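Visitor: Here's a structure for you.
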Amino acid sequence: MRALEAASGRAGVPPGRLLAHAGLAIARSAERLTGGARGRTVLALIGKGNNGADALVACSHLARSCGWGVRLCLTQSRAGDPHLAWINDPDLTGLVDVVLADDPEIFPNRLADWLGASDMVLDGLLGIGASGLARGAVRAILEVCDRFRAQAGQFRIAIDVPSGVDADTGAADPVAFQATHTFATGPAKVGTVIGDGAAKAGRVVELDIGIPGGVLLELGRTFADDGGTWRAMPAQVAHLLPARPDRSHKGTFGRVLILGGSGRYPGAPVLAGLGAIGAGGGLVTIASAGKSVGVVPPVEAVVLPLADDGTPSGVLTATHIADVLACVERCRGMVIGPGLGTDQATVTAVRELLARIGTHERPLTVVVDADALNAISPVAPDRWPI
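For what it's worth, the numbering used here labels the leading residue of the sequence shown as 460, then goes sequentially.
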């Protein structure tokens, strides 16, 4: 993010303009979350850095444009801060209230009351430069927030990264802010998608804060400032997908067989079939001895109901192997296991089927998953039947 800000400055977009855009984008996103309702109440937790400034700018928009009540909990005085000057606007009289976290007589109880009575809590305590355990007033605020978790319908919004979460590693303080949403000013930060940080971040939403498109294209694909963590961007992965010729058909792009399902788990192979279709399989066949044929399959898939073996549970047995192998002859890939169950007859059938496929002369990629793994796991790896 620092590299993006520096490059934006060189491109003629100063940090102050990015901050102003960030605050407005946060306010508009907050308004959308609440359906554009007026007269809501937001509690903003304000630290000393840029995240606190972002939150203050956002709150000014929510108060002025949406008529929201604003409650500010500051870690320290920001006297003289231009981002706070709006609270003295006569038109906002009665809409804004402020408490300092360094006032032990008032702060904890006031914050607890506000947490219980606000429609939204906006976390602007710590930003991407913070690491390690939260300290001082920040920790005191986070501890109160941790004791009073979000009520039903309350939004808890982190700016860039929940306070107490390392933006690069995802490591989280035990009292890190628990967000329902994280509004990333620009690209998402890696700490919000890995480790404990991913759970703390909630839903991550990337906001357009006016970073020039050329800068984003050049640098936005990196997650961390060290350049060692990369994100998959359309421009970087498009070349991995071969162009599909105009004169082609579904058989051109591979046939995939999904073997799974049972009377107890009929939906598993259907989900696997959806995955195969989404991954680009041209012709996907779902073969099942169970009730999967009764579950609505993807419309693009072919259903192969295996013969009823007479068992009430509807499981794969050795009697189905010939039909499966006949289908394998036409396929280039196979998934075996989702929802097969662990009946002894199925375990035996899976091992025999894999052994037969292992001697197959035609190239075949096989993904052994779920209950097929359970079937072969008791066998030493060097004796696996494939």
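For glycine and all other residues, C-beta sits at the position ideal for the given N, C-alpha and C. Model, not experiment: these values are computed from the prediction.
Whether or not the segment 650-665 and the segment 621-635 are in contact is what I'm after, with contact meaning three or more pairs of Cβ atoms, one per stretch, closer than 8 Å; do they touch?
Guide: yes
Visitor: Roughly how many angstroms separate the alpha carbons of aspartate 627 and valine 597, rounded to a whole number?
Guide: 20 Å
Visitor: For proline 704, which residues of its own chain have a beta-carbon under 8 Å away from its beta-carbon, when the five flanking residues on both sides are left out?
Guide: Excluding the 5 residues flanking it on each side, proline 704 has same chain C-beta neighbours closer than 8 Å at Thr711, in chain order.
Visitor: Looking only at its own chain, which residues have a Cβ that is under 7 Å from the Cβ of threonine 801, when we skip the five neighbours before and after it?
Guide: Asp830 and Asn833
Visitor: What are the start and end residues of the beta strand (DSSP E) that includes alanine 643?
Guide: 640-644
Visitor: To the nearest angstrom, report how far apart methionine 579 and arginine 523 are at their CA atoms.
Guide: Going from the Cα of methionine 579 to the Cα of arginine 523 covers about 17 Å.
Visitor: Can the beta-carbon of aspartate 655 be found less than 9 Å from the beta-carbon of glycine 629?
Guide: yes
Visitor: With a threshold of 16 other CB atoms inside 10 Å of the CB of alanine 781, please say whether the residue is buried or exposed.
Guide: exposed
Visitor: If we count Cβ pairs, one from each stretch, closer than 8 Å, do we get three or more for the segment 804-824 versus the segment 779-793?
Guide: yes
Visitor: DSSP state of arginine 487, grouped into three classes?
Guide: It is helical.
Visitor: Can you give me the C-alpha to C-alpha distance between glycine 796 and proline 764, rounded to a whole angstrom?
Guide: 16 Å
Visitor: Grab me the residues of arginine 615's own chain with a C-beta within less than 6 Å of its C-beta, minus the 5 sequence neighbours each way, in chain order.
Guide: Val580, Ala609, Ala638 and Thr639
Visitor: Helix, strand or coil: which one does DSSP assign to glycine 741?
Guide: coil
Visitor: Which two residues bound the contiguous alpha helix (DSSP H) that contains valine 826?
Guide: Where valine 826 is concerned, there is no enclosing alpha helix (DSSP H), although the beta strand (DSSP E) it sits in stretches over 824-827.
Visitor: May I ask which residues mark the beginning and end of the alpha helix (DSSP H) holding aspartate 782?
Guide: 780-787
Visitor: Is asparagine 509 closer than 9 Å to leucine 584 when the C-beta atoms are compared?
Guide: no
Visitor: Leaving out the 5 sequence neighbours to the left and right, which residues in its chain are closer than 6 Å to glycine 498 when beta-carbon positions are compared?
Guide: Gly526
Visitor: Roughly how many angstroms lie between the CA atoms of isoleucine 505 and leucine 531, to the nearest whole one?
Guide: 7 Å
Visitor: To the nearest angstrom, how far is it from the Cα of lysine 507 to the Cα of proline 725?
Guide: 55 Å
Visitor: If you run the structure through DSSP and keep just helix, strand and coil, what is glutamate 665?
Guide: The answer is strand: DSSP assigns glutamate 665 an E or B state.
Visitor: Report the CB separation of leucine 492 from valine 529 in whole angstroms; it is logged as a contact under 8 Å.
Guide: The C-beta distance from leucine 492 to valine 529 rounds to 16 Å, too long to meet the 8 Å contact threshold.
Visitor: Please work out which residues of its chain come closer than 7 Å, Cβ to Cβ, to valine 825, disregarding the five sequence neighbours upstream and downstream, and give them in chain order.
Guide: Met793, Ile795, Ile816 and Ile845
Visitor: Taking the alpha carbon of leucine 716 as the point to measure from, which residue in Gly734, His708 and Thr500 has its own alpha carbon closest?
Guide: Gly734
Visitor: Rounding to the nearest angstrom, what Cα-Cα distance links arginine 469 and leucine 718 in this structure?
Guide: Approximately 57 Å between the Cα atoms of the pair.
Visitor: If the criterion is Cβ atoms closer than 9 Å, does the pair glycine 749 and valine 774 meet it?
Guide: Closer than 9 Å, so yes.
Visitor: From the DSSP output, in three-state form, read off leucine 592 for me.
Guide: In the displayed model, leucine 592 falls within coil according to three-state DSSP, outside both helix and strand.
Visitor: In chain order, what residues of the same chain lie with their CB nearer than 7 Å to the CB of isoleucine 565, ignoring the 5 residues before and after it?
Guide: Only Val558 meet the Cβ criterion.
Visitor: With DSSP as the reference, label valine 715 as helix, strand or coil.
Guide: In the structure shown, valine 715 falls within a strand segment according to DSSP collapsed to helix, strand and coil.
Visitor: Please list the terminal residues of the continuous beta strand (DSSP E) segment that includes leucine 559.
Guide: Taken as a continuous stretch (DSSP letters only), the beta strand (DSSP E) holding leucine 559 covers 555-559.
Visitor: By the three-class DSSP mapping on this structure, what secondary structure does phenylalanine 566 have?
Guide: helix
Visitor: Per DSSP, what kind of secondary structure is glycine 494 in: helix, strand or coil?
Guide: DSSP, reduced to helix, strand and coil, places glycine 494 outside both helices and strands of the structure shown, so it counts as coil.
Visitor: Could you spell out the range, first to last residue, of the alpha helix (DSSP H) harbouring glycine 817?
Guide: 803-817
Visitor: Per DSSP, what kind of secondary structure is isoleucine 670 in: helix, strand or coil?
Guide: DSSP places isoleucine 670 in coil when its eight states are reduced to three.
Visitor: By DSSP, does threonine 651 sit in helix, in strand, or in coil?
Guide: helix
Visitor: Excluding sequence positions up to five away, which residues of its chain have a Cβ less than 7 Å from the Cβ of alanine 731?
Guide: Ile717, Gly719, Val794 and Pro797
Visitor: Between valine 501 and the rest of its own chain, which residues show a CB-CB distance below 8 Å, the 5 nearest in sequence each way excluded?
Guide: Ala489, Cys518, Leu521, Trp527, Gly528, Val529, Arg530, Ser577, Asp578, Met579, Val580 and Leu581
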